[in-house]
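Numbering (the working numbering), first residue to last: 20 to 94.
Glycine is no exception: its CB is placed at the ideal position from the N, C-alpha and C atoms.
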């Protein structure tokens with residue numbers, strides 16, 4: 020299992036999101052996506068074991084989708 024520092028992960032995500040100007044979903048969409056992900060059996064330690072992404076980062080981007088099509092906006 021990969022060990023990660025939650026603060027380091029949050030900082031990395033914030034840095035990457037800053038580069039994604041215009042590609043960020045509204046906070047309500049991100050939060051709804053995260054709510055789905057945190058209940059998913061493939062969610063482990065902030066990552067998706069189906070695609071390997073940092074879920075918080077992926078859930079924030081307009082052009083990304085759940086690999087299992089579980090997000091309400093994937094349907």
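Check                                                                                       : Outcome
Residue 9 versus residue 69: straight-line alpha-carbon distance, rounded                   : Residue 9 lies beyond the range of the chain shown here (20 to 94); nothing can be said about it.
Euclidean distance between Cα positions of residue 24 and residue 92                        : 30 Å
Through-space distance from residue 49 to residue 57, alpha-carbon basis                    : 12 Å
Cβ shell of residue 51 (< 7 Å), same chain only, five flanking positions each side left out : 91
Check whether residue 59 and residue 89 have beta carbons under 8 Å apart                   : yes
Secondary structure of residue 31, DSSP reduced to three states                             : helix
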